[in-house]
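Chains as they are written, first to last, in numbering that gives the first Met the number 0: chain H, 0 to 139; chain R, 0 to 544.
A short worksheet on the structure shown next.
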Amino acid sequence: MKKILIVEDDQKTAMALVIRLKANGYNASIAPDAIAGASQARAIKPDLILLDISLPAGDGFQLAETFLRMPETNGTPVIFITASKDPELMQKVMQLGAIGLFEKPFDTEKLLGSIDDKFNRMTDLLNARQCSAASNQLKR
Amino acid sequence: MKSNHQNENVTGHEALRASEVSYRRLFEAAKDGILILDADTGRINDVNPFLFNLLGFSRSEMVGKTVGELSPFKDIESNKVMLERLQKSGYVRYEDLPLETRDGRKIAVEFVSNVYQAGDRNVIQCNVRDITARKQAEEQLKASFKEIGELNTNIRNFYHTLSHELKTPLTSAREFISIVIDGLAGPLNETQLEYLGVAKESCDQLCLYINDLLDVTRLETGKMRIEFQTLPLVALVERVVEILAPAAAGKGVSLICDCQPDLPAVPIDRQRILQVLTNLTTNAIKFTPAGGHIRLSLGEAPADPECLQVDVRDTGRGIPEDQLDMIFNRRYQANYNAHSVDAQIGLGLGLYICQELVDLHGGRIWVESEIGKGSTFSFVVPKQAMRKGTHVLIVDDDDGVREMLRLTLEDQQFEVTTAEGGSEALRLMEMKTPDIVVLDLKMAGLDGPSTLKEIRMNWGFIPVIVYTGYPDGDLVGQAMEFSPFTLLTKACPPKRFVETVRRMCHTHETRFLKKNGKAGQAPAVQRARNHFTSEDPARHPPLNS
């Protein structure tokens, strides 16, 4: 089961996300602030992180940078969630290598869709790699 | 011969006397201080009532003394230098000299002196103007600038908080409703499903209203950003028709799209134009009864070949004629809605936002309507907008003003350079010609009019905004010699400032870029004399334009 870490200070929103993600077959856990976000990420090594931008104890951008630096999370896909929709956010988010930005109140279907897509693509990629490795072996 | 000579003498004497009398009258009644010094001794020969009253002395207390012996001038270090220079060269000019009157009141004066010959002696005439009130006004202006700056920051912070605080609980409310609707909390009966559907719709509605409120806040603080991309407008019109077709069909209204082929792509903000189109079309659906028709058409603007025009035509109930002018007005909308038969009409900010967004694109929006027949909302957007990164040079000796204008313009994607004064501005312009210059008039060193003169001589018709706290002042008159320019009065709201800059860039480009091939290389200066526009029409009707 894929593990998703939700870093979100609004407990209610986080709870709603957990219910949704669990219903879609994911394992989800909540970190209510930036510090908890970093330590939980290190402990559980999530497959994907949902990250709110405004957080207590350091904002989402800083935390995303931390994730990039930590070996446990370097390369983990991040989706940002935000209440404000300034166009400059998008740029910043892209620079941090995030795979998405969702504005509150978000469209749950789209959010789940992009998470599913990400994992499907990763699975596809893995399958493709295995296939090509297998065919290479066959050629030899 | 002799008597003639005598007559001439008498007439000469009379004329001299008459001239002396009128001089004396002027001297006594002048509303500026006048001080006559003996150039050799530096002693005061005469002083007019305005000055001795201003300083709190009597005439006899001043006459015969040197200026340095008088208390208002005595203790001030800079004044000592001034007095030395005055006695040495006879000429000084101080734009702002602080003095203290005999009763301890602090005043500021403008002090100008000149030497001239009176009979066989040299005298120095000093003109002293009390600028205390003007200085106070300036200080007040500076304070209000600071206040506006702070207010802006407050509003900005407020809207961030608003956005966060309102949307966060709304998110969880909507999410939990969805979770229940989707059966994740157990089975529901039909009534429960229906009611929760209503609750979810209300959440969506609330979200739209919050976004409208935020947009209005952004617009009114000049923080609305338009991200221009060159796009085919037709794709957006078709997209809106596609999105709203189900809503129209649900109401039994036909929604069709009619676009001219082969139209050029235009510089627009995709999201914002979609917002305008969605708003106009949603309104049309709302006010058109079943069996009616809505047509979205796109083509070259009949009245302006430089623009594309979108029309949203409905066969709804129409808008009363006396309300047509006000329909885009934010305050009016609330009223109109209060008397409207439609209870569910929203905040009524939609059309106001549409108007502002179209404005920010350099376009225009309007409505034509006939009661019982329907309404047509139309808007145009220019085919060519200003280049990206338009370079604005701000010339102002006030740090606060410079900084505030820089922030405001940079927020709107302008490239901004600032200069503290005229000389620095000209130096910067030589290195890189800006697209537009914002010029203060009252500056130490090379003042506004002199700077403008240099600009006109070397850079032709480059667009200039004169930004002054004294739109009625002498300096504006002097600057007129080197028009054209647009006059903006301090402190102009950020939104209007940005709009003016944007409009001027656009006008300049369409006027000169096309005709001359290159912006900024305009023809001779003289032709433009006395042509200026004022952004404050009530106070400053365009002179002879």
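Where is the CB? At the ideal position from N, CA and C, for every residue including glycine.
No experiment lies behind these values; they were computed from the predicted model shown.
Simplified DSSP assignment, three categories, for Pro71 (chain R) | helix
Would you say Cys258 (chain R) and Leu297 (chain R) are within 7 Å of each other, going by their C-beta atoms?
-> yes
Can at least three beta-carbon pairs, one atom from the stretch 260 to 280 of chain R and one from the stretch 364 to 380 of chain R, be found at a separation below 8 Å?
-> Cβ pair count under 8 Å is three or more, so yes.
On a CA-only basis, which of R:Leu98, R:Ile123 and R:Val122 is nearest Thr131 (chain R)? Give me that one, please.
-> For the options R:Leu98, R:Ile123 and R:Val122, the alpha carbon positioned closest to that of Thr131 (chain R) is the one of R:Leu98.
Anything in chain R within Cβ reach of Ser53 (chain H), meaning under 7 Å, just list it in chain order.
-> Per Cβ cutoff of 7 Å: His163.
Looking at C-alpha atoms only, which residue of R:Trp458, R:Lys452 and R:Met456 is the closest neighbour of Gly476 (chain R)?
-> R:Lys452
Measuring only between beta-carbons, confirm whether Lys103 (chain H) sits less than 7 Å from chain R.
-> yes
Straight-line gap, Cys504 (chain R) to Lys431 (chain R) (C-alpha atoms, nearest Å) = 17 Å
Given that a residue counts as buried once 16 or more other Cβ atoms are within 10 Å of its Cβ, and exposed if not, what is Val91 (chain R)?
-> buried
Can you round the beta-carbon distance between Phe144 (chain R) and Gly399 (chain R) to whole angstroms, since I take them to be within the 8 Å contact cut?
-> 5 Å
Would you call the stretch 17 to 29 of chain H and the stretch 56 to 75 of chain H touching, i.e. three or more CB-CB distances under 8 Å?
-> Too few Cβ pairs lie closer than 8 Å, so no.
Contact between the stretch 282 to 296 of chain R and the stretch 253 to 267 of chain R (3+ Cβ pairs under 8 Å) | yes
Closest Cβ-Cβ distance between Ser83 (chain H) and chain R: below 7 Å?
-> yes
Give a yes or no on whether the C-beta atoms belonging to Phe27 (chain H) and Ser171 (chain R) are separated by under 7 Å.
-> Note on identity: in this sequence residue 27 (chain H) is Ala, with Phe being the wrong assignment. No. Outside cutoff.
According to DSSP, is Glu109 (chain R) helix, strand or coil?
-> strand
Throw me the rounded Cβ distance for the Gly468 (chain R) and Leu243 (chain R) pair, which I believe falls under 8 Å.
-> No, Gly468 (chain R) and Leu243 (chain R) are not in contact; Cβ-Cβ is about 49 Å, not under 8 Å.
Members of the stretch 164 to 179 of chain R near chain H, C-beta cut-off 9 Å = Glu164, Leu165, Lys166, Thr167, Pro168, Leu169, Thr170, Ser171, Ala172, Arg173, Glu174, Phe175, Ser177 and Ile178
Kindly indicate which three-state DSSP category Asn52 (chain R) falls into: helix, strand or coil?
-> helix
Taking Cβ-Cβ distances below 8 Å as the criterion, which residues of the stretch 5 to 17 of chain H are in contact with chain R?
-> Asp9, Lys11, Thr12, Met14, Ala15 and Leu16
Can a CB atom of chain H be found closer than 7 Å to the CB of Phe511 (chain R)?
-> For Phe511 (chain R), the pLDDT reaches just 41, beneath the cut-off of 50, and the residue's location in the model is therefore unreliable, although a value from the coordinates is still provided. Chain H, which has no Cβ nearer than 7 Å to the Cβ of Phe511 (chain R), makes this no.
Closer than 7 Å, Cβ to any Cβ of chain R: which residues of the stretch 16 to 42 of chain H, in chain order?
-> Ile18, Arg19 and Ala22
Can you give the beta carbon distance from Asp51 (chain H) to Asp8 (chain H), rounded, assuming they're within the 8 Å contact cut?
-> 6 Å
DSSP on Cys306 (chain R), reduced to helix/strand/coil?
-> strand
Gln274 (chain R) versus Ala283 (chain R): straight-line alpha-carbon distance, rounded = 14 Å
Quick one: which chain H residues come within Cβ less than 8 Å of Cys202 (chain R)?
-> Against chain H, a Cβ distance below 8 Å from Cys202 (chain R) picks out Pro104.
When burial is assigned at 16 or more other CB atoms within 10 Å of the CB, is Gly444 (chain R) buried or exposed?
-> exposed
Is Cys504 (chain R) close to chain H, meaning its C-beta is less than 7 Å from at least one C-beta of that chain?
-> no
Residues in its own chain within less than 8 Å of Lys64 (chain R) by CB, not counting five upstream and five downstream?
-> Arg42 and Ile43
Out of R:Arg405, R:Val311, R:Gln204 and R:Ser177, point me to the one whose CA is closest to Thr417 (chain R)'s CA.
-> R:Arg405
If Cys202 (chain R) sits next to Arg173 (chain R), beta carbons under 8 Å apart, how far is it from one beta carbon to the other, in whole angstroms?
-> 4 Å
Buried or exposed for Thr450 (chain R), please, with buried defined as at least 16 other CB atoms from any protein chain shown within 10 angstroms of its CB.
-> Buried is the call here.
For Gln354 (chain R) and Leu232 (chain R), the rounded distance between their alpha carbons = Roughly 18 Å separates the two Cα atoms.
Residues from the stretch 241 to 271 of chain R in contact with chain H, defined by Cβ distance under 7 Å = none
DSSP three-state assignment for Pro266 (chain R), whether helix, strand or coil = strand
Going by the beta-carbon positions, is the gap between Val179 (chain R) and Leu195 (chain R) smaller than 7 Å?
-> Against a cut-off of 7 Å, the Cβ pair of Leu195 (chain R) and Val179 (chain R) comes out as a contact.
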